[in-house]
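**Student:**
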Amino acid sequence: MRARHIVLRLAVLMAAAAPASASADPLPHQVGALFAMTPDQFAAAADVKDDALETVATISTMRGWQQHDGLLRIVNDDGFFRAFIDKTSGETRFQVYHMVRYTEQHRARFEVVNYETPDGPVSVPLIPIGRYRGSCRVYVGCAYLETFAFPVDETLLRTLAAKYLPGRVAVWKYRLKAKTGAERDEGFAPAEIAGILIAVDHYRAAHGLTGAQTR
Numbered sequence: 002m003r004a005r006h007i008v009l010r011l012a013v014l015m016a017a018a019a020p021a022s023a024s025a026d027p028l029p030h031q032v033g034a035l036f037a038m039t040p041d042q043f044a045a046a047a048d049v050k051d052d053a054l055e056t057v058a059t060i061s062t063m064r065g066w067q068q069h070d071g072l073l074r075i076v077n078d079d080g081f082f083r084a085f086i087d088k089t090s091g092e093t094r095f096q097v098y099h100m101v102r103y104t105e106q107h108r109a110r111f112e113v114v115n116y117e118t119p120d121g122p123v124s125v126p127l128i129p130i131g132r133y134r135g136s137c138r139v140y141v142g143c144a145y146l147e148t149f150a151f152p153v154d155e156t157l158l159r160t161l162a163a164k165y166l167p168g169r170v171a172v173w174k175y176r177l178k179a180k181t182g183a184e185r186d187e188g189f190a191p192a193e194i195a196g197i198l199i200a201v202d203h204y205r206a207a208h209g210l211t212g213a214q215t216r
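Heads up: the sequence shown begins at 2 in the numbering used here, then just goes up one per residue.
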């Protein structure tokens with residue numbers, strides 16, 4: 002089981018069990034580090050890719066929070082947001098990107114994701130982004146790096162971001178479902194959701210784009 006998956010699975014369980022107010026009990030270190038981050042910290046860490054030859058600006062929260070495993074500090078499992086801003090209209094598309102490393106024997110072939118909304122869970126197909134094969138070993142097979150994505154509506158993200166409270170343990174949950182029947186529960190802290198929106202709002206406002214919002 003990958004470290005990010007362990008951290009977020011624990012966070013999901015704690016969020017489900019915790020009251021609306023922050024718990025007085027100390028959080029495990031890894032979970033605490035994630036939930037100690039603020040929307041402004043995620044926004045400040047957001048990576049903006051844009052230049053004069055691009056018609057769409059891309060903003061990513063990939064560097065906002067990652068779990069590094071082992072002595073080599075490898076990122077084995079990571080989810081983050083990407084926003085694609087039309088530089089003429091300001092129209093913005095949001096996607097969740099998820100990257101996972103695994104060996105041949107743990108290959109799952111994730112195809113569908115279910116995610117939370119105020120009206121109940123929604124199920125959509127995953128969008129394959131890339132799959133790369135790394136080194137191979139006799140007993141465990143080859144190592145793979147797979148990336149996939151799914152779209153998320155901006156209105157939903159703003160609803161979720163509004164749930165952020167400093168110190169509160171809360172998670173927007175989604176479940177990856179594989180052809181093999183395997184399932185994997187993942188999630189995002191409201192601070193990261195709010196952070197991508199802050200970064201997008203700042204970009205749109207700075208460039209005078211229609212529909213730009215300021216914070």
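Glycine included, each C-beta is placed from N, C-alpha and C at the ideal position. Small disclaimer: the values here were computed from a predicted structure and weren't measured.
1. Is it the case that the Cβ atoms of Ala171 and Pro191 are separated by a distance below 8 Å?
2. Pick out whichever of Ala163, Val123, Gln96, Pro119 has its Cα sitting closest to the Cα of Thr62.
3. Quick one: what's got a C-beta closer than 6 Å to Lys178's C-beta in the same chain, skipping five residues either side?
4. Quick one: which unbroken beta strand (DSSP E) runs of 3-plus residues sit fully inside the stretch 82-157? Chain order, please.
5. Between the Cα of Gly182 and those of Thr56, Ala53, Ala45, Arg110, spot the shortest distance and give me the residue it belongs to.
6. When you compare each of Leu35, Ala34, Pro40 to Asp202 by their alpha carbons, which one comes out closest?
7. What is the residue span of the beta strand (DSSP E) that Gly209 lies within?
8. Tell me the DSSP bridge mates of Lys178?
9. Measure how close the beta-carbons of Ala195 and Tyr165 come, nearest whole angstrom, since I'm counting them as under 8 Å.
10. Over the uninterrupted beta strand (DSSP E) stretch that includes Ala58, give me the two end residues.
11. Do Phe43 and Glu193 have their CB atoms nearer than 8 Å?
**Tutor:** Concretely, from the data shown:
1. As a working note, residue 171 is residue 170 in the sequence shown. As a working note, residue 191 is residue 190 in the sequence shown. Cβ atoms of Ala171 and Pro191: closer than 8 Å.
2. Looking up residue 62 in the sequence shown gives position 61. Selected option, being the one with the closest Cα: Gln96.
3. As a position in the sequence shown, residue 178 is number 177, starting the count at 1. Here the set comprises Val113, Glu184.
4. With a minimum length of 3 residues, the unbroken runs of beta strand (DSSP E) contained wholly in the stretch 82-157 fall at 93-104, 111-116, 123-126, 128-138, 142-153.
5. Indexing the sequence shown from 1 puts residue 182 at position 181. Ranking the options by Cα distance to Gly182, first place goes to Arg110.
6. Sequence index remark: in the sequence shown, residue 202 carries index 201 (1-based). With respect to the C-alpha of Asp202, the residue from Leu35, Ala34, Pro40 having the closest C-alpha is Pro40.
7. By one-based count along the sequence shown, residue 209 stands at place 208. From DSSP, Gly209 is part of no beta strand (DSSP E); its letter is neither H nor E.
8. Reading the sequence shown from its first residue, position 177 is the one you call residue 178. According to DSSP, Lys178 bridges with Val113, Glu184.
9. Here the question's residue 195 lines up with position 194 in the sequence shown. Here the question's residue 165 lines up with position 164 in the sequence shown. So it is a contact: roughly 5 Å between Cβ atoms.
10. Here residue 58 is taken as the residue at index 57 of the sequence shown, counted from 1. Looking at the DSSP string, the run of the beta strand (DSSP E) that includes Ala58 is 57-61.
11. Your numbering for residue 43 matches position 42 in the sequence shown. Your numbering for residue 193 matches position 192 in the sequence shown. For Phe43 and Glu193, yes; Cβs fall inside 8 Å.
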